[in-house]
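Below you'll find the structure, written out as structure tokens, and then a few comments.
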Amino acid sequence: MSKGLPKRSENYSEWYNELVRRAGLAENSAVRGCMVIKPYGYAIWEKMQRALDDMFKATGHVNAYFPLFVPKSFLEKEEEHASGFAKECAVVTHYRLKTNPNGKGLIVDPEAKLEEELIVRPTSETVIWNTYRNWIQSWRDLPILINQWANVVRWEMRTRIFLRTAEFLWQEGHTAHATREEAIEEAERMLDVYAEFAEKWMALPVIKGVKTPTERFAGAEETYCIEALMQDGKALQAGTSHFLGQNFAKSFDVQFMNKEGKLEYPWATSWGVSTRLMGALIMAHSDDQGLVLPPRLAPLQVIIIPIYKGEEELAKISEKVEPIIQELKRKGISVKYDDDDKQRSGWKFAEYELRGVPIRLAMGMRDLQQNTIEVARRDTLTKETRPVETIVEHVEKLLEEIQENIYRKALKFREENTFVVDTWEEFLEKIERGGFILAHWDGTSETEEKIKEETKATIRCIPLDAKEEAGRCVYSGKPSNKRVLFARAY
RNA sequence: CGGGGCGUAGCACAGCCUGGUAGUGCGCUCGGUUUGGGACCGAGAGGUCGGAGGUUCAAAUCCUCUCGCCCCGACCA
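Quick note, the first sequence lines up with residues 10 to 499 if you use our numbering.
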């Protein structure tokens, strides 16, 4: 059996699947389309949650929890929303099982049919706005700035671990505001939060933009998104933030008395990121040796491995290493000393590389005599020997350097794979190679659809920072005033 | 949901065509030797061959149905 992973260059999706499995992040479950997130994978998710949650709190949001089940009648109320999600809903029709009178096992009790079916939430706008009706009477009740951490179910035809699972974990923010401007500002603010999180924590450069009407969230007036480029040249939507207008307020009959004493519908936003970010994290940075984790999200930042023969040597190394461990911990760096005698050092090296631990320290007798320690960094796979005295400060700096380097590498990759294209021939050629394409578009969904049919590329977004620039649509030749971002996407 | 591939020990696979005692490597257990990049030797444990039905004296192998996984399309965060 080969101990290495499949190569990215040979079979990207097999590499991805194997990596997720072998690094102990997650596995497919007995339930179709659903995953088991294993402790190591969940530890990364927890770090993401913590960072995001702090950012949400810092922008004035509070957490709450709304029910898993959505009455069918709620889902129906906002028409666009309803038709957008109808195709992928899990439906609860009964509330009881009974033993099978004709044999073994259990059957659904036909007597226990629900009067109204319950939908397992694909998202929570409807339950939440139904609740907000009772919470909002006056302009003094606004804004409402609530987030919830939850699971949702979207019955996907084709699933991929982390990237598209039938059940996934996410956070969904749902806010209500007195004015249109304030709601738009909120949607944009949260997009910025996502972008900052992606770049500072995940070391993932993203492009902020708005979706075209066809790619818009069902029920939204505007969908903002952050788009990232994966190593195989495909785009991944890493987060979305929606300006929902007054659609849900109207559908759920939520009104407030404004300062002038007139009834008004409040303005809404919703925004979310999911465990899909795990997929983004993996696909953006990892290599053929395994995961490459940005230090700020790595459950374990430093692994220390002793290289020894016999207990006596191990004891000496352990003694030498102990103060280093203590000092690293004191600085808030997560560190593990792997003195497990059941595995050899070479095995451990490979294992922690597979798991993406940013820094490895190794100490053997040679180091002990010279008062040195070997430092290996995961992002570059380079090693050097350094004096023990300064190792803690070095590690501290190195963690930051790795975080930055991973980001720079991803940014460089994106820049090298972003193409400004003006002709259809070039579009066809570049889209085959993968990457982002910046091209003019005439603004019609007809053209968007044609391009998708012919190339499988979609408009990922209209970048927020797109310059006004006269040009002609790459497909139809009609006039256009800015470039939009095309790519094949996950 | 369509097209293709695959389900045999924890993992990777052979055996199936041509039915006749279920195998190999890795992993696991025990003992020993080892230890600066996935150690070696020896001895072991582990499988209702995805499930159900059928054909047959006999089914991992042939037939039917079913469930699941992977890849490619249509749909999506």
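Note that beta-carbon positions come from the ideal geometry of N, C-alpha and C, so glycine has one too.
Where residue i sits in the DSSP three-state scheme
i	result
GLN58	helix
GLU269	coil
TYR203	helix
TYR3	Residue 3 lies beyond the residue range present for the chain, which begins at 10 and ends at 499; the question has no answer from this structure.
SER11	With a pLDDT of 40 at SER11, under the threshold of 50, the modelled position of that residue is not reliable, and the figure given next carries that caveat. Coil at SER11, not helix or strand.
ARG305	coil
ILE316	coil
GLY50	helix
ILE116	strand
ALA289	helix
ALA35	strand
LEU84	helix
ARG225	coil
GLN159	Note that residue 159 corresponds to Ala in the displayed sequence, not to Gln. Reduced to three states, the DSSP call for ALA159 is strand.
ARG169	strand
PHE75	coil
SER260	helix
Sheet register partners of residue i (DSSP bridge)
i	result
ALA185	ILE153 and ALA277
GLU455	DSSP lists no partner for GLU455.
ALA448	VAL493
CYS470	LEU494
GLY299	ASP296
GLU176	VAL162
GLY480	SER489
LEU238	ALA244
LEU147	For the record, residue 147 in the displayed sequence is Ser; it is not Leu. Bridge partners of SER147: MET266.
MET211	Bridge partners of MET211: none, in fact.
VAL429	LEU447
SER283	TRP179
Closest by C-alpha distance to residue i, when choosing among the options
i	options	result
PRO396	GLN310, SER18 and MET372	MET372
TRP42	ASN72, GLU176 and TRP276	Correcting the residue type first, residue 42 is Gly in the shown sequence and not Trp. Per the Cα distances, GLU176.
ARG190	PRO275, ILE137 and ALA121	This sequence places Glu at residue 190; Arg is not what is there. Ranking PRO275, ILE137 and ALA121 by Cα distance to GLU190 puts PRO275 first.
GLY365	LEU323, THR399, PRO303 and GLU438	PRO303
ARG442	GLU457, GLU331 and ASN426	ASN426
PHE265	THR132, TRP148, ASN490 and LEU286	TRP148
PHE261	LYS86, GLU194, LEU290 and ALA39	LYS86
ASP150	ARG130, HIS186 and ILE116	HIS186
PRO214	ALA359, VAL162, ASN256 and ALA237	ALA237
TYR484	THR467, TYR499, LEU473 and PRO472	THR467
THR108	LEU377, ASP388 and ILE116	ILE116
ARG423	GLU331, ILE155, PRO48 and LYS243	LYS243
GLU194	PRO222, ALA229, TRP179 and PHE252	PHE252
MET44	THR432, THR102 and VAL161	VAL161
HIS70	ILE153, GLU36 and TYR51	ILE153
THR500	SER250, ARG305, HIS294 and LYS271	Within the shown structure, residues of the chain are numbered from 10 to 499, placing residue 500 beyond reach of any answer.
TYR74	TYR141, ILE316, GLU477 and ALA324	TYR141
TRP138	GLU434, GLY254 and LEU473	GLY254
GLU165	ASN143, LYS96 and GLY13	LYS96
GLY355	THR394, ILE313 and VAL344	ILE313
LEU34	LEU363, LYS491 and ASP348	LEU363
THR174	GLU88, MET287, ARG198 and GLU126	MET287
LEU84	GLU478, TRP54 and PRO131	PRO131
The beta strand (DSSP E) enclosing residue i, as first and last residue numbers
i	result
PHE78	78-80
TYR346	344-346
HIS103	100-103
LYS122	122-129
GLY254	244-254
VAL384	381-386
GLY218	216-219
ARG395	391-396
LYS107	106-108
Terminal residues of the alpha helix (DSSP H) in which residue i lies
i	result
LEU337	319-339
THR501	Here the chain has residues from 10 to 499 only, and residue 501 is not among them.
ARG31	21-31
PHE94	88-94
ASN414	400-425
GLU360	354-363
LEU370	Premise fails: LEU370 lies in the beta strand (DSSP E), 368-372, not in any alpha helix (DSSP H).
TRP433	433-442
Stretch-stretch touch, CB-based, cutoff 8 angstroms, three pairs: the segment 287-305 with the segment 22-30
yes
Any chance the segment 196-207 sits against the segment 65-85, with 3 or more Cβ pairs inside 8 angstroms?
yes
The segment 166-181 contacting the segment 206-223, beta-carbon criterion three pairs below 8 angstroms
no
Three or more C-beta pairs under 8 angstroms: does that hold for the segment 332-343 against the segment 393-412?
yes
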